[in-house]
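Okay, structure first, notes after.
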Amino acid sequence: MHVAANAKLVDFAGWEMPLHYGSQIQEHHQVRQAVGMFDVSHMGIVDLTGTDSTEYLRYLLANDVQKLINAKALYTCMLNEKGGVIDDLIVYRLDANNYRIVINAGTREKDLQWMRMHLTSFNATLTERTDLAMLALQGPKAKEVIACLLPEEAGETVQHLKPFNIVQVANLFIARTGYTGEDGYEIIFPHTETTKVWSALLSAGVTPCGLGARDTLRLEAGFNLYGSDMDENVTPLESNLSWTVAMEPKDRNFIGRQFLEQQLQSGLKQKLVGLVLEGPGVMRNHQKVLNEHEEGEVTSGGYSPTLEKSIALARVPFTMPTECFVEIRHKKVPAKIIKPPFIRNGKKMF
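Each residue of the sequence shown is one higher than the one before, starting from 2 at the first, in our numbering.
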């Protein structure tokens, strides 16, 4: 189906993935202005069942699944003992004994190994769902378009679904989540239905979008990319993800908690910020961020098609002022530090 849609395929974490279908920039604008779809079947889908499922996840994850009621989801990090991010993921609660977890493709094996290692003292079972596919339908017109997949009554329910809520319609697991900073859905279904679902969306006029647009969209939205903006060497507190860590209640012991408490007590030395380039050029990963006395590093940089200028996420010293420079080809180009996101629901946020 991708080849028929003129996809340029590239290797991504061992998967053959579409980079674009002709124009990455057009695909980006399509999602910001109308609706686009991404095949995200490379993501790992893991189901957790058993009477200890909730307690297990409360120990495994930095955010607290106790907050969730049935048919709701949350975003969280899974940490090591030193508070480093093993992966960032979304957890969907079906009921107290049943959860679905979506993990990153590049960390799938590592994640599963870690999750199984810590499961031994809990009455719960993890099942990797290699029989499922996943599509992301994103953009301001996603609500109108999703109706083409559904019976009339269900279409209305899905259109009124709140963010981070889920609904099951026949064999479609539909969540109001995404990675673009636009409204939309992520839809999980048996991989035997892939051609049918993809074709229905194509017929409804939805543009297929590739990895390239997915990256520029998520960067504009200020969303972290695992392996670039965070990894096992940094904590969520240093990655603009403090909001995903539940330190209350105080008696919940989760992996990495002790280290985070020490870090909070001693004070953070670095933080993840947004950068807007104020001179010519394009910021790229690993370029230096400078002022007179301090130095940081670009973690994710690129060109913003919406803003028509270069933006980046960067890890910098906690005390760095908002005016700084980025070293591009041995030249210091002025830049401004902002708090992400850059764009949300098509609107400039700074």
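By construction, the Cβ of each residue, glycine as well, lies at the ideal position given by its N, Cα and C atoms.
Per DSSP, reduced to three states, the secondary structure at H43 is coil, with no helix or strand assignment. Under the DSSP assignment, I189 falls in the beta strand (DSSP E) whose first and last residues are G185 to P191. With a cut-off of 8 Å on Cβ pairs, the region 53-62 is not in contact with the region 152-172, counting fewer than three such pairs. Excluding residues up to 5 positions away in sequence, T77, M79, I102, V103 and I104 lie with their Cβ nearer than 7 Å to the Cβ of L90 in the same chain. Among the bridge pairs identified by DSSP, C149 is matched with none. As computed with DSSP, T77 is found in a beta bridge with L90. Remark: fewer than three beta-carbon pairs, one from each stretch, lie closer than 8 Å, so the region 254-267 and the region 289-304 are not flagged as touching.
E296 counts as exposed, since fewer than 16 other C-beta atoms from the protein chains shown sit within 10 angstroms of its C-beta.
Residues of the same chain with a CB within less than 6 Å of the CB of K144, apart from the 5 flanking positions on each side, are Q160 in chain order. When secondary structure is reduced to three states using DSSP, F224 falls in the coil class, being assigned neither helix nor strand. Distance from the CA of R109 to the CA of G156, rounded to the nearest whole angstrom, comes to 33 Å. Per DSSP, L273 lies in no alpha helix (DSSP H); the unbroken beta strand (DSSP E) holding it starts and ends at Q271 to L278. Within the region 96-182, complete alpha helix (DSSP H) segments of at least 4 residues are found at 109-118, 143-147 and 153-160, given in chain order.
For the beta strand (DSSP E) assignment, the uninterrupted runs of no fewer than 3 residues enclosed by the region 293-317 are, from N- to C-terminal side, 296-305.
Per DSSP, K9 is one residue of the beta strand (DSSP E) stretching across K9 to F13. Taken through DSSP and simplified to helix, strand or coil, P237 comes out as helix.
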